[in-house]
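Okay, so here's the structure we're looking at.
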Amino acid sequence: MSVLRAALVVSGSYYLAARLGFALTPPWSPISILWPPNALLLAALLLAPTRQWWVLIAAVLPAHIAAQVQSGVPLSMVLGWYLSNSSEALLGAAAIRLLCPRVPRFDSFRDVNVFLVFGALLAPLASSFIDAALVTLLHWGQGGYWRLVRIRFPANALAALLVVPLVLTWAQGAGAALGAPLRRYVEAGLLFGGLTIIGLLVFNWLDPGTRRAPALFYVPLPFLLWAAVRFGPMGVAAANAILAAAAIWGALHGLGPFYGSPEYNARDVQLFLIAVSVPLLLLAVLLAERRRVELETRGQRQQLAHLSRVSLLGGLSGALAHELNQPLTAILSNAQAAEHKLAAGGLDGAELKEILGDIVAADRRASDVIRKLRVLFKNGDTQLQELDVNDVVREVLDLAHGDLTTRHVTIVQRVDARLPKARADRIQLQQVLLNLVVNACEAMSADELHERVLRVETRRSAHDGVQISVIDSGPGFASSAETLFEPFYTTKPHGLGLGLSISRSIITAHGGRLWGSGAPGRGAAFHVQLLAALSPGGHAPLVQ
Amino acid sequence: MESPCVHVVDDDDAVLVAIGRLLRASGLQVRTFASPQAFFAQHAAEDRGCLVLDLSMPGASGLEVQEALAAEDCSLPVVFLSGHGDVASSVRAMKAGAVDFLTKPFEAEALVAAVRQALDRDCVSARVASLTPREREVLGHLVEGKLNKQIAAALGASEKTIKVHRARVLQKMAARSIAALVRMTERAGLKTAAQ
Chain A
5 MSVLRAALVV SGSYYLAARL GFALTPPWSP ISILWPPNAL LLAALLLAPT
55 RQWWVLIAAV LPAHIAAQVQ SGVPLSMVLG WYLSNSSEAL LGAAAIRLLC
105 PRVPRFDSFR DVNVFLVFGA LLAPLASSFI DAALVTLLHW GQGGYWRLVR
155 IRFPANALAA LLVVPLVLTW AQGAGAALGA PLRRYVEAGL LFGGLTIIGL
205 LVFNWLDPGT RRAPALFYVP LPFLLWAAVR FGPMGVAAAN AILAAAAIWG
255 ALHGLGPFYG SPEYNARDVQ LFLIAVSVPL LLLAVLLAER RRVELETRGQ
305 RQQLAHLSRV SLLGGLSGAL AHELNQPLTA ILSNAQAAEH KLAAGGLDGA
355 ELKEILGDIV AADRRASDVI RKLRVLFKNG DTQLQELDVN DVVREVLDLA
405 HGDLTTRHVT IVQRVDARLP KARADRIQLQ QVLLNLVVNA CEAMSADELH
455 ERVLRVETRR SAHDGVQISV IDSGPGFASS AETLFEPFYT TKPHGLGLGL
505 SISRSIITAH GGRLWGSGAP GRGAAFHVQL LAALSPGGHA PLVQ
Chain D
-11 MESPCVHVVD DDDAVLVAIG RLLRASGLQV RTFASPQAFF AQHAAEDRGC
39 LVLDLSMPGA SGLEVQEALA AEDCSLPVVF LSGHGDVASS VRAMKAGAVD
89 FLTKPFEAEA LVAAVRQALD RDCVSARVAS LTPREREVLG HLVEGKLNKQ
139 IAAALGASEK TIKVHRARVL QKMAARSIAA LVRMTERAGL KTAAQ
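As given, the protein sequences belong to chains A and D, one line each in that order. Under my numbering, the first residue of the first sequence carries the number 5, and numbering increases by one thereafter. Under my numbering, the first residue of the second sequence carries the number -11, and numbering increases by one thereafter.
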């Protein structure tokens, strides 16, 4: 059913494209300035699975005949052109599919180059030889073989350059484009409206005179660059189409900066459009590719951070169970105490109220632990926000409380209550601090119980940054603290050695610093330094 | 002598209050301490009763408290509470003479039963402590089911003397019969005093 619909759509648009091609055919030439149906078929083949190609190629035959017969072309030539047109699309599509087995992506430099070489250069060239041979054999039209090749090739190459990117980018990105916010619509309106007006001015309305001509070609350039930078390949494809429409229309009617014989005008406009559209398309593709790679890298970093967070929490599961057991114990004992008293008839209202209050508080404490855990387990996008670092420290120590108690670690907090806010992702900062706290606890496991002291300090650092220090009383660093940050370096029997290196990459991505200090035998200290957030009436921002 | 009292030590305030409440509801006398330090600060050698000890506390473990008590020659029986059923710790605790090792969260019945057993043991050991060394020897032989004649032979005393000792032991231990005496020492988990 969907194949049938695709065939109908392709057939219908092929017909319209062929009519457009005839409309753009100058009276003095057998061949159009721009012949879009072949490019349209190529785009359709690239979007379709290979096994449906024959359906699409068959479907355009009636459209082809209908469009050509109207123009008074003899049937043998109509069929000959069907052969050369569909061979162009098929050759291009087959070569591209062979080299790039997916629908070519316009955020991949390689895919687009494959398309340019095979779809826009070699396939039109090869089919132009077939076309010219057929025309010569059937004695249709005037002009020698090579002249036919010379006229047909640029018309089809230009069509491929204009139509295929337009169809493919819209087929792949229409959903995202249509869902864009209003301001993007406004910007697109300004861009494409402006480009249309400029195109009409330059190529149709202004009487250039001979001296103004060369400069006029550059007037649309700012709009084209605007399209490339702000709207990517899809925007460039649309902008190229608008520019081509204006330029070709002008050239056909002897208007605009093209001057010379009509045939030279046709060739000039083709050359101009090819020379403009290829570099612009490549520029937009390069920008899109860079953005995609950036997003992928960020996604991978996030994935890695999430995985290390999950494994960190997995290692804490025993301690977290303990952390939940405490409030559960309090709830159960309180409830059973109330039962006992009730059975003995010695429970008064005030006492009951007190017990219920304690139960509610313990329940809240348990759900608090679960809520914090759920947040940490989530795999979400980085969300930078202004946050109170002291709050984050408290949350992390709450989460680590079970681990701290089962390891008999005494905690000493020294926080600066007048700390400026920092700009950071809350979850990632929690992860880094939790990692440091867990490491510190493990570092003290050989110490006497009463010597296991973990100090957590926050203070304002130089340049108005915010510094958090996690200091243990363990054996300190055997070698340089820096080696600890190397990936896969670990001192633990079951450690992966990724915690600290991931933590550092998180803090570095925040524009901050994570480092270790401390002398052997005197405990280890890790420091996180973050940029203070800009706050209007508060502290001066970090400018260095 | 102080009246028997359950001493509860746990660093978690909510749990401490709840356990205190539960034990009081079961008719026991309770004192709560938020840390081992607080307990030792108020502890006197003649305190009677038992100790309910959390295993996981910052700066010290319940096992260390147990060892410190043993070093002080304090015989308060201990019931351990733990947030996680750690086998190694429970074995160590039981070997060091703990009455029971409960994993949080526990049933009220389990805690109350363990505490009562600990109080029993304390009561019996208090009675044993009131015996003279000779009477303790006799007690050891009695719970092994030996006859007066055998005990007299073993201790090199006359049967008549042993009879007197035996009456004193039963009276001091508040046991009406040898069978009750055996039951009492077994229930309290005491090794016989003769060892």
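Where a beta carbon is used, it is the ideal one built from N, C-alpha and C, also for glycine. No experiment lies behind these values; they were computed from the predicted model shown.
Which term fits residue i, buried or exposed, when burial requires 16 or more other beta carbons within 10 angstroms of its beta carbon?
i: K345 of chain A; result: buried
i: N3 of chain A; result: A question about residue 3 of chain A goes unanswered here, because the residues of chain A that appear run from 5 up to 548.
i: S165 of chain D; result: exposed
i: A67 of chain A; result: buried
i: D352 of chain A; result: exposed
i: P65 of chain D; result: buried
i: P331 of chain A; result: buried
i: P78 of chain A; result: exposed
i: L57 of chain D; result: buried
i: E97 of chain D; result: exposed
i: W230 of chain A; result: buried
i: S132 of chain A; result: buried
i: K137 of chain D; result: exposed
i: Q307 of chain A; result: exposed
i: K92 of chain D; result: buried
i: D429 of chain A; result: buried
i: M82 of chain D; result: exposed
i: V116 of chain A; result: buried
i: D110 of chain D; result: buried
Distance check for residue j and residue i, CA to CA, integer angstroms please.
i: A219 of chain A; j: E293 of chain A; result: 32 Å
i: Q533 of chain A; j: L69 of chain D; result: 41 Å
i: A181 of chain D; j: M172 of chain D; result: For A181 of chain D, the predicted structure reports a pLDDT of 41, less than 50, and the residue's modelled location is therefore unreliable. The matter cannot be settled from this model.
i: L90 of chain D; j: V397 of chain A; result: 33 Å
i: L336 of chain A; j: G350 of chain A; result: 19 Å
i: W85 of chain A; j: L162 of chain A; result: 18 Å
i: V157 of chain D; j: V170 of chain D; result: 12 Å
i: D42 of chain D; j: G71 of chain D; result: 8 Å
i: P540 of chain A; j: K425 of chain A; result: At P540 of chain A, the pLDDT of 45 sits below 50, so the modelled position is not reliable; the number obtained from the coordinates is stated separately. Straight-line Cα distance between these residues: approximately 12 Å.
i: F276 of chain A; j: I201 of chain A; result: 19 Å
i: N244 of chain A; j: S473 of chain A; result: 57 Å
i: Y19 of chain A; j: F157 of chain A; result: 21 Å
i: S146 of chain D; j: G133 of chain D; result: 18 Å
i: L143 of chain D; j: S113 of chain D; result: 23 Å
i: E267 of chain A; j: A192 of chain A; result: 35 Å
i: L130 of chain D; j: A354 of chain A; result: 53 Å
i: K151 of chain D; j: R175 of chain D; result: 25 Å
i: Y149 of chain A; j: Q176 of chain A; result: 39 Å
i: N338 of chain A; j: P(-8) of chain D; result: 23 Å
i: D(-1) of chain D; j: T409 of chain A; result: 9 Å
i: A250 of chain A; j: H257 of chain A; result: 11 Å
i: F110 of chain A; j: A184 of chain A; result: 19 Å
i: S6 of chain A; j: Q56 of chain A; result: 11 Å
Is DSSP giving residue i helix, strand or coil here?
i: E184 of chain D; result: As displayed, chain D neither begins before -11 nor continues past 183, which places residue 184 of chain D out of reach and without an answer.
i: A426 of chain A; result: strand
i: M448 of chain A; result: coil
i: R190 of chain D; result: Since the first and last residues shown for chain D are -11 and 183, residue 190 of chain D lies out of range.
i: F89 of chain D; result: strand
i: V(-3) of chain D; result: strand
i: T173 of chain D; result: helix
i: I35 of chain A; result: coil
i: Q138 of chain D; result: helix
i: T512 of chain A; result: helix
ask   = What are the residues of the stretch 14 to 26 of chain D that lie near chain A, defined by any Cβ-Cβ distance shorter than 9 Å?
value = S14 and G15
inquiry  = By the 7 Å beta-carbon criterion, what residues does the stretch 324 to 356 of chain A contribute toward chain D?
reply    = A325, H326, N329, Q330, P331, L332, T333, A334, L336, S337, N338, Q340, A341, H344 and K345
task = Identify each residue in the stretch -7 to 5 of chain D for which the Cβ-Cβ distance to at least one residue of chain A is less than 8 Å, and report them in chain order.
result = D(-1), D0, A2, V3 and V5
task = May I ask you to list, following chain order, the residues of the stretch 104 to 117 of chain D that have a beta carbon less than 8 Å from some beta carbon of chain A?
result = none
Three or more C-beta pairs below 8 Å linking the stretch 270 to 290 of chain A and the stretch 48 to 58 of chain A = no
query = For the stretch 306 to 323 of chain A, which residues have a CB atom closer than 7 Å to at least one CB atom of chain D, in sequence order?
reply = G322
query = Quick check: the stretch 368 to 383 of chain A against the stretch 410 to 419 of chain A, are there 3 or more CB pairs under 8 Å?
reply = no
request  = Would you list, in chain order, the members of the stretch 398 to 411 of chain A that have their beta-carbon closer than 9 Å to a beta-carbon of chain D?
outcome  = G406, L408, T409, T410 and R411
ask   = Got a sec: which bits of the stretch 63 to 90 of chain D sit with their beta carbon under 7 Å from any beta carbon on chain A, in order along the chain?
value = G71 and H72
key: Touching by the beta-carbon criterion (3+ pairs, under 8 Å), the stretch 87 to 95 of chain A and the stretch 58 to 65 of chain A   = yes
Against chain D: residues of the stretch 463 to 484 of chain A by CB proximity under 7 Å = none
inquiry  = Against chain D, which members of the stretch 426 to 455 of chain A pass a CB distance test of less than 8 Å?
reply    = L453 and H454
message = Under 8 Å, with one C-beta from each stretch per pair, do the stretch 7 to 21 of chain D and the stretch 44 to 53 of chain D reach the 3-pair mark?
response = no
message = Under 8 Å, CB to CB, which of the residues in the stretch 362 to 389 of chain A have a partner in chain D?
response = D362, A365, A366 and R369
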